[in-house]
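Here is the structure we will look at, set down as structure tokens.
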Amino acid sequence: CMSDDLKSQIVISKQPLRAEDISQRIHTIRGHRVMLDADLAELYCVMTRRLNEAVRRNVARFPEDFMFRLTTEEYISLMSQIATSKPGRGGRRKLPYAFTEQGVAMLSSVLNSDRAIQVNITIMRIFVRIRRLLVSHEELARKLDALEGKYDSKFRMVFDAIRALMEPPKIPRRRIG
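Take any residue in the sequence shown, count from 1 to its spot, add 239: that is its number in our numbering.
Okay, here's the thing in structure tokens:
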């Protein structure tokens, strides 16, 4: 008899990995782009506690710049941004681990499966793509600053409009309750 959670994990393993699904699971915490243990466990098709057990057995491979445990405040802030269950309602009983890009790469050596290798390759490609986008965004901002300095205030509105377009879209939050 399999639980519904296990059945859904088996269905996930048959679906191809999509970059959008993975990139939505990358969060910025403490100035690092990280993925949470539960998200990684879902992608690897293992239970979160099994992933964390494997990490604890190999704790020397995960220094603080590879993995860290979220604080209560960070976790509460994330809960308000993503859909997670409330503590005491069948949800998590311990604070989640956050894995940096290097920590995710190290997981492939701890979780030795074909699925782990496939997932890690996809995640690494997404982290590289994010880095490239950030670099190109910074270059564009520098060029815009140089152009703005070159031209007078007549074009101020044009430059302000371009800057507004460069900002990430603000997604309106749906009111709960």
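All C-beta atoms, glycine included, are put in the ideal place defined by N, C-alpha and C. All of these numbers come straight from a predicted model, not from anything done at the bench.
Need the endpoints of the beta strand (DSSP E) that residue i sits in, please.
| i | result |
| --- | --- |
| Thr339 | That residue, Thr339, is in no beta strand (DSSP E); it is neither H nor E in DSSP. |
| Arg438 | The shown model of the chain, from 240 to 416, leaves out residue 438, and the question about it has no answer. |
| Arg267 | Here residue 267 turns out to be Thr, not Arg, going by the sequence shown. Segment 265-268, the beta strand (DSSP E) holding Thr267. |
| Arg308 | 306-308 |
Nearest by alpha-carbon distance to residue i: which of the options is it?
| i | options | result |
| --- | --- | --- |
| Glu377 | Met405, Met318, Ala344 | Met405 |
| Ile415 | Gln320, Thr361, Ile365, Glu313 | Gln320 |
| Ala280 | Ile261, Ala400, Leu372 | Ile261 |
| Asp278 | Gln263, Ile268, Thr267 | Gln263 |
| Glu312 | Leu334, Leu372, Lys382 | Leu334 |
| Arg228 | Val374, Met345, Leu379 | In the structure as shown, the chain starts at 240 and stops at 416, and residue 228 therefore has no counterpart that could be examined. |
| Thr267 | Asp384, Arg371, Ser375, Phe338 | Phe338 |
| Val358 | Ser375, Val374, Glu340, Tyr314 | Glu340 |
Beta-carbon within less than 6 Å of residue i's beta-carbon, same chain only, minus the 5 sequence neighbours each way: which residues are those?
| i | result |
| --- | --- |
| Tyr336 | Asp276, Met306, Arg308 |
| Thr310 | none |
For residue i, collect the residues of the same chain with a Cβ closer than 8 Å to its Cβ; drop the 5 residues on either side in sequence, then sort them by chain order.
| i | result |
| --- | --- |
| Ile265 | Arg272, Val273, Met274, Ile365, Phe366, Ile369 |
| Ser352 | Tyr283 |
Would residue i pass as a contact of residue j if the rule is Cβ separation under 8 Å?
| i | j | result |
| --- | --- | --- |
| Phe301 | Gly270 | no |
| Leu350 | Ala299 | no |
Which residues mark the beginning and the end of the alpha helix (DSSP H) in which residue i is found?
| i | result |
| --- | --- |
| Arg288 | 287-296 |
| Ala299 | Where Ala299 is concerned, there is no enclosing alpha helix (DSSP H), given that its DSSP letter is neither H nor E. |
| Glu312 | 311-320 |
| Ile352 | Note that residue 352 is Ser in the sequence shown, not Ile. Element bounds for Ser352: n/a, residue is neither H nor E. |
To which residues of the same chain is residue i closer than 7 Å at the C-beta, ignoring the five residues directly before and after it?
| i | result |
| --- | --- |
| Met286 | Ala280 |
| Ile356 | Ser347 |
Hey, residue i and residue j are a contact pair by Cβ (cut 8 Å); roughly how many whole angstroms apart?
| i | j | result |
| --- | --- | --- |
| Arg331 | Tyr283 | Contact doesn't hold; Cβ gap of about 18 Å is too wide. |
| Ile401 | Leu383 | 6 Å |
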